[in-house]
Structures are given as structure tokens and as C-alpha cells.
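Using the working numbering, read the sequence shown as starting at 40 and increasing by one per residue. All C-beta atoms, glycine included, are put in the ideal place defined by N, C-alpha and C. Step one of this worksheet: look at the structure below.
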Amino acid sequence: MEVSVIETKAFDNQKPGTSGLRKPTETFVQENYVENFTQSIFNAVGHSAHGRTVVVGGDGRYFMKESVHTIIKMAAANKIGKLIIGQDGILSTPALSCLIRMRKAIGGIILTASHNPGGIKGDFGIKYNTSNGGPAPEAVTSEIFRHSSEIKEYRICKEVEVDISRIGQKRFRVNGKDFVVQIVDSVDDYLYMMKDIYDFKLLREYIKTQNLRICVNAMNGVTGPYLKKIFEKELETGEGSVINSTPLVDFGGIHPDPNMTYAADFVDMMKKGEYDLGACFDGDGDRNMILGKEAFFVNPSDSVAIIAAHCQCIPYFKKTGIKGFARSMPTGSSLDKVAEKCGVKCHEVPTGWKFFGNLMDADQLSICGEESFGTSSDHIREKDGVWAALAWLSLLANQQNSVQQIVEEHWKTYGRNFFTRYDYENVESKGANDMMTNLRQLASDQSLVGQAMSEQYTVQLMDDFRFEDSIDQSVTEKQGIRIIFTDGSRLVFRLSGTGSSGATIRLYIESFCNEDSKLQTPTQEMLKPLVDMALKISNLVLLTGRSEPTVIT
40 MEVSVIETKA
50 FDNQKPGTSG
60 LRKPTETFVQ
70 ENYVENFTQS
80 IFNAVGHSAH
90 GRTVVVGGDG
100 RYFMKESVHT
110 IIKMAAANKI
120 GKLIIGQDGI
130 LSTPALSCLI
140 RMRKAIGGII
150 LTASHNPGGI
160 KGDFGIKYNT
170 SNGGPAPEAV
180 TSEIFRHSSE
190 IKEYRICKEV
200 EVDISRIGQK
210 RFRVNGKDFV
220 VQIVDSVDDY
230 LYMMKDIYDF
240 KLLREYIKTQ
250 NLRICVNAMN
260 GVTGPYLKKI
270 FEKELETGEG
280 SVINSTPLVD
290 FGGIHPDPNM
300 TYAADFVDMM
310 KKGEYDLGAC
320 FDGDGDRNMI
330 LGKEAFFVNP
340 SDSVAIIAAH
350 CQCIPYFKKT
360 GIKGFARSMP
370 TGSSLDKVAE
380 KCGVKCHEVP
390 TGWKFFGNLM
400 DADQLSICGE
410 ESFGTSSDHI
420 REKDGVWAAL
430 AWLSLLANQQ
440 NSVQQIVEEH
450 WKTYGRNFFT
460 RYDYENVESK
470 GANDMMTNLR
480 QLASDQSLVG
490 QAMSEQYTVQ
500 LMDDFRFEDS
510 IDQSVTEKQG
520 IRIIFTDGSR
530 LVFRLSGTGS
540 SGATIRLYIE
550 SFCNEDSKLQ
560 TPTQEMLKPL
570 VDMALKISNL
580 VLLTGRSEPT
590 VIT
């Protein structure tokens, strides 16, 4: 088979963000849009990928299958030796990371916009992961962007055709070189890994003897096949314990973001008290929300801390030991207190899983998390929603307590870091940028430092978070404006890199309390003075015209 070289023109908007290139689906379906970006990936990776293996998969959203077929034809033309693809193109982001590592691939291409809505009127995305299984570092994404800005042609072998619905292997001869496409069961390798991490026999027996009632919600995203096989088949949770389990191109109209707003129907169902443990997951399976009986909500900042505090009940950590913990800078500080008690370091890094990956590769990190419903460990180099649900199930089996009891006992032991996040989505970009510019100026001139903003809150520090990576010596700047008060309370302002249009402002508020009489105070009531202060300092309402957030976590 011969390779065709097709002339093309560069698009001016193919700069990857925090988690790859995300745009409205209608942008991706333009002629040559996917081809240009795919060629830019292959150009950036260069000769190192020739003859090597690349993993490809996605979350089942609209335009995924068409993109898989395009990537197959282009990989053949760009001297890739082998593609490993999930059946029907389906691979969760954690499973793709697992396959890269297990099969020693040079990297992987993930077709997803994660927790963003799907469909022709929704979003699409392409992300490249490197040989460690994690998101490409900025040096690689910058190189991809450079090639996308200069591209004049792409290479494709139009004759290569593969039925991605059939498990098996197909060989081709392209320009005198062997090219192999292997279609694999989407779940098998991931399930094998989970069985090596958790004691499935113990979990199965606990569920049976306690008559534990579990409901896990795939939100019509990629986790459906994984949950069906792991929970219903392996753990015998019962037919129907997995809901919304079929991946749909538009997620059935669901916004596949596992939080109290977009999963409100699931929360309402859990409030009825019929289930002891509930979990839901985003479109590509890397985010999770954990709920106890009657929809008791586990804040993600608490979730990673509580898993870390009880990690020795998980067989994997009994074997590997604990090397360290880490959280993203905006994430609540609960994990820091667990690390201190365990005698290990807790790293604070910018938002973005690649920073955790560096620490893991340097053998300095075991468990980590982000407040944006992402929790995981060093078993892969991505956040992993199903892993987090199994971790909580292991905690229940070990502690013989309910979700709520485990959380409240943690508060009594470590104190409670009250934490909330306000998301203002699709904000007009000028207003959002003006707000951040003003805050950066305040941080620069230090005019608020030392000021008493109220009787309780005096500003101790204000800065724009800057991170120097001790592993690769890279420097990451402008990662969020921090205002830290003398009592340890914090305000953080940043713009998100995961939206596909406009700007998303994220406002994070945290305050620590270890007074037993206040531990049960509703979060929004406890944090209202800080929320009001944040809105006043930032002038957010006036600059954006938004009086209410889109989502409150």
C-alpha cells in the first residue's frame, strides 16, 4: 500500500490546553482539522515513534469512531509499527494509560473532551500521552502546537481499512514496512491491574455478608463496560447496580461531569436511602464523585486525604509502601495533615496530572488528588475514577463503618478543612481576563498584605502561584492567585484550561476548623464570610456580569 501526501493549511487555534486540544465538535469536523492535529503529533514525536507501538481509544462521544479510522490511516503512513485500539474505539483514559505502560507503547492518543458534553453541539478533544502513560508535558505540547501552526501537508494511507468492532489483529504492508493494528477487549488489561491492586475476594464477601447496596453511575460515558464487568460480574453487586452503562455519542443528553449539579438526578436517587455507597464518573472515566447513604457527599479534597489515611488496607500499598502524597495547589489541605501524621512529604503542584507523573516516575509519590473530582495513585499516570470507587469500597470493608461515619471520624482525628469551589462557566473572556489582571496587580504591589479584611481575617500572603519542578527543573508560572490569611484560610482564583469556549473562572475557598461543635456546620454557611470577601476583592460580579456561579462544589 502506498502513502498519499495531502496539501493542507494550518488552523490558528490548535494549541493544546491542560488536557489536550478541546474544542466544539463542529470545529473538529471541519475538513483536515483532525488530520492536521494528528500529523502534528506524529511530527512532534518524530523518528522515536517509527516502528513503535501507539495506543488509541476514546470515550465513545460523537465523531470518535471517524477519528479513530483517520488515525489508523495516518499512523500507517507515518511509520508507526503497531496500533493497539480498544474494541469499537472504547478506552477509558485510565485504561489507556494502563495499556501504554503494560504494552510498553511509545505513547497514546485519547479522543475525549473528558467531562464536557458530547454530540454535534457538544465538545470533542484529542490528547497525547507519552510513554509513561501520562499527559504530554508542556515541552511536547508546545512542539505539537508549533507543528500545527506551520503544517503544510499530512501523510495518509487511504487503503488501510480495519473493522474496529472485531477483536483480533490485522497486518498491512505500507511502503515496504510492516504495520499492525490490534483490536483488544477494552476492559481486560485494566481489570487485570485492578485485581492486582485490590482484594476482590474480600470485597465480594463483604458486599455479600453485609448486604451492601451499591449503585454506580457511568453517566452514559466510557466507564459503563468497566463497571459492568468489575462490579456486577466480579464483585457480584447485582444486576442493575450499574446504571447509564451504555456509552452514547451524546451521553444521552447528560452533562457527564460527576458533581452535585450535573449529577443532580443521581443525587436525588441516593437521597432516598436505598443505597449505602454511590459513585458516578465522567465521560472518559478519570473523575469520580463518592456519595454515602442518603447522598452524603464526600468532598474530593477530603476523599484523597481519607484514602491516604487508610491506604494500608489496600493490598497494593502493603506491597509498595508509601513514598509520598501530593495535591494540586487549589485542592483543600486535608491531605497535608495526613502526610504529617504519616511522616511523609505532601507535594503541592499546579493543576494538571503531568506534575504528579513526574513525582511518580521519580519514585516520590504514591497517592494524589485534585479537588476537581480526580483521585489516583502511581498504578498509572492518570486520575482514575473506578480506582477511587474501589478504594472507598476497600475502606468500608476495612473499617466496617458507613461512608458518613468514616468521613466524620476523619474530621474528629484531623480537624475539618471546609472547602468549596465556585465555577463560573462560559464567561466572556475580556471580563475574566480583566479580573485576573487586577488580581495579579494586587499580588504584585502587595497592597493587601497585612490588611485586616475583617475581625477574623488578616491577609498574610498574596501571590501568583509559581512552581519549580524539582524533577525536571521546569518552571510553571501564573497558576492561580492565592490569598492566604493568618489563620490559614485561603482564597484562590484561576482560569480553567478545560473549557472549549469562553472562559471558566474557578474560585476556591478553604478554612480549617478543629472545634468539635462546628464540625457539622454546613459548608456554605461556614464559608460565606470568605465567599463574600472573595467576590468583593475580585470585583467578579461587576467585571463578568455573573451574579451566581454555574456550579458550586
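Reduced DSSP secondary structure (H/G/I, E/B, other) of residue i
| i | result |
| --- | --- |
| CYS381 | helix |
| LYS54 | coil |
| TYR463 | strand |
| PRO561 | coil |
| HIS418 | coil |
| GLN221 | strand |
| ASN440 | coil |
| PHE102 | coil |
| ILE510 | coil |
| PHE305 | helix |
| LEU130 | coil |
| LYS451 | helix |
| PHE3 | Because the chain in this structure spans residues 40 to 592, residue 3 falls outside the shown range and cannot be described. |
| PHE504 | coil |
| PHE457 | strand |
| MET368 | coil |
| HIS154 | coil |
C-alpha distance - residue i paired with residue j, whole-angstrom precision
| i | j | result |
| --- | --- | --- |
| ASP375 | GLY277 | 38 Å |
| ARG545 | MET258 | 24 Å |
| SER199 | ASP511 | A quick correction: the sequence has Val, not Ser, at residue 199. The alpha-carbon atoms of VAL199 and ASP511 are separated by roughly 40 Å. |
| SER342 | ARG460 | 15 Å |
| LEU534 | ARG212 | 47 Å |
| GLY96 | ILE129 | 5 Å |
| VAL388 | LEU530 | 16 Å |
| GLN447 | SER433 | The displayed chain sequence assigns Glu, not Gln, to residue 447. Their backbone Cα atoms lie some 17 Å apart in a straight line. |
| ASP502 | LEU60 | 29 Å |
| GLU516 | ARG479 | 12 Å |
| SER188 | GLY317 | 45 Å |
| ASN327 | GLU271 | 18 Å |
| TYR483 | PHE504 | The sequence given here has Ser at residue 483, not Tyr. Approximately 12 Å, taken between the alpha carbons. |
| PRO297 | ILE222 | 30 Å |
| HIS154 | GLY391 | 15 Å |
| ILE183 | LEU487 | 40 Å |
| VAL514 | SER373 | 26 Å |
| THR525 | LYS358 | 41 Å |
| ALA115 | GLU464 | 40 Å |
| LYS112 | GLY90 | 15 Å |
| GLN249 | GLN439 | 9 Å |
| LYS332 | ASP400 | 38 Å |
| ASP238 | SER87 | 39 Å |
| ALA49 | GLU74 | 11 Å |
| ASP235 | PRO354 | 8 Å |
| ARG243 | ALA436 | 10 Å |
| LEU330 | PHE412 | 12 Å |
| VAL201 | SER106 | 13 Å |
| ASP224 | GLN126 | 6 Å |
| THR452 | LEU274 | 31 Å |
Exposed unless 16 or more other CB atoms sit within 10 angstroms - verdict on residue i
| i | result |
| --- | --- |
| THR583 | buried |
| ASP555 | exposed |
| HIS186 | buried |
| SER509 | exposed |
| ASP315 | buried |
| ARG210 | exposed |
| SER340 | buried |
| ALA542 | buried |
| THR414 | buried |
| LYS240 | exposed |
| ASP304 | exposed |
| PRO55 | buried |
| PRO561 | exposed |
Presumed contact (8 Å Cβ cut-off) between residue i and residue j, rounded CB distance
| i | j | result |
| --- | --- | --- |
| MET572 | TYR496 | 7 Å |
| GLN78 | ILE190 | 6 Å |
| ASP473 | THR589 | So it is not a contact: roughly 19 Å between Cβ atoms. |
| ASN71 | THR47 | 5 Å |
| GLY260 | ASP321 | 6 Å |
Is there contact between the region 93 to 102 and the region 143 to 155, where contact requires at least three CB pairs shorter than 8 Å? yes
State whether the region 333 to 352 contacts the region 159 to 175, with contact taken as three or more CB pairs (one from each stretch) at a distance under 8 Å. No: fewer than three Cβ pairs fall under 8 Å.
Cβ contact (3+ pairs, closer than 8 Å) linking the region 124 to 142 and the region 228 to 241: yes
Per the contact definition of three or more C-beta pairs closer than 8 Å, is the region 354 to 367 in contact with the region 384 to 403? The region 384 to 403, when compared against the region 354 to 367, does touch it at the 8 Å Cβ threshold.
Within 8 Å, do at least three Cβ pairs link the region 244 to 257 to the region 308 to 322? yes
Flag this pair as touching only if the region 154 to 168 and the region 285 to 292 have three or more C-beta atom pairs under 8 Å; answer yes or no. Touching, per the Cβ criterion.
Would you check if there are 3 or more beta carbon pairs closer than 8 Å linking the region 344 to 352 to the region 404 to 420? When C-beta atoms of the region 344 to 352 are compared with those of the region 404 to 420, three or more pairs fall below 8 Å, so the two segments count as touching.
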